[in-house]
């Protein structure tokens, strides 16, 4: 059975539109950095605008082995719904991602190994484009930074990443969304938001799931 909160979140995104869904503008790009990169400065190159997400001109490779930790701070608290990744193909594809929320103290791989991540993701192999991996929204409602631990590349030597992005919204955007969604229901004061929108749709197909 679908979780009502997730249904409402999905509905809110559809009603508000995609202008605030991509969090590129809320990433503190100057302070993005990585551990075990062949070129340390390449960490910032992974944070690209949406229209450059498929570009392969800039990327980051791991250094002495196939492990990479990428620290991504945000300029304000955000609620995260998914991570968007474009990874290297073939032997340079990392197959495992551990995500740590609000852990700026993870400064090396030993810290990561002894800290429980908020999320473990098995990454898809053989994908050529950007892949979206959804989050459990309840675990990512007030995020100031993420640490992303990529590992276990197909070849075992090098991991490559082309693009890292996020979908969600910021605190100010959440308040604006809440005010837009406070629509009085005629003759049904207690009707759930999803039911009211479905009724107004008049049986037409909707994109909310």
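In full-length UniProt numbering, the protein residues as written are 1 to 209.
Cβ coordinates follow ideal geometry from the N, Cα and C atoms, glycine included.
All values reported here derive from a predicted model rather than from experimental measurement.
Runs of the beta strand (DSSP E) lying entirely within the region 118-147 and spanning at least 3 residues, in chain order: 119-122 and 131-134. In the three-state reduction of the DSSP assignment, residue 31 falls in the helix class, which pools H, G and I. In the DSSP assignment, residue 44 falls within the unbroken alpha helix (DSSP H) covering 42-45. Between the region 55-62 and the region 133-144 there are fewer than three C-beta pairs closer than 8 Å, too few to call the two in contact. Note that the C-beta distance between residue 82 and residue 160 is not below 7 Å. Here residue 98 is actually not in contact with residue 154; their C-beta atoms are around 18 Å apart, not less than 8 Å. The C-alpha of residue 121 lies about 23 Å from the C-alpha of residue 26.
Checking the DSSP bridge columns, you'll see residue 102 has no partner listed. The distance from the Cβ of residue 108 to that of residue 35 is about 7 Å, consistent with a contact at the 8 Å cut-off.
Beta-bridge pairing by DSSP links residue 165 to 84. Apart from the 5 residues on each side of it in sequence, residue 171 sits with its Cβ closer than 6 Å to the Cβ of 77 in its chain, given in chain order. Secondary structure of residue 170 (DSSP, three-state): strand. Relative to the Cα of residue 103, the nearest Cα in the group 131, 127, 72 and 79 belongs to 72. Under the three-state reduction of DSSP output, residue 153 falls in the strand class. When DSSP states are grouped into helix, strand and coil, residue 62 belongs to the strand group. 117 is the residue among 117, 128 and 127 whose C-alpha sits nearest the C-alpha of residue 146. For residue 40, same chain residues with a beta-carbon under 8 Å away, outside a window of 5 residues either side, are 33 and 34 in chain order. In this structure, the beta-carbon distance from residue 80 to residue 166 falls below 7 Å. If you ignore the 5 residues before and after residue 132, its C-beta comes within less than 6 Å of the C-beta of 82 and 84, all in its own chain and listed in chain order.
In the DSSP assignment, residue 111 falls within the alpha helix (DSSP H) that extends over 109-113.
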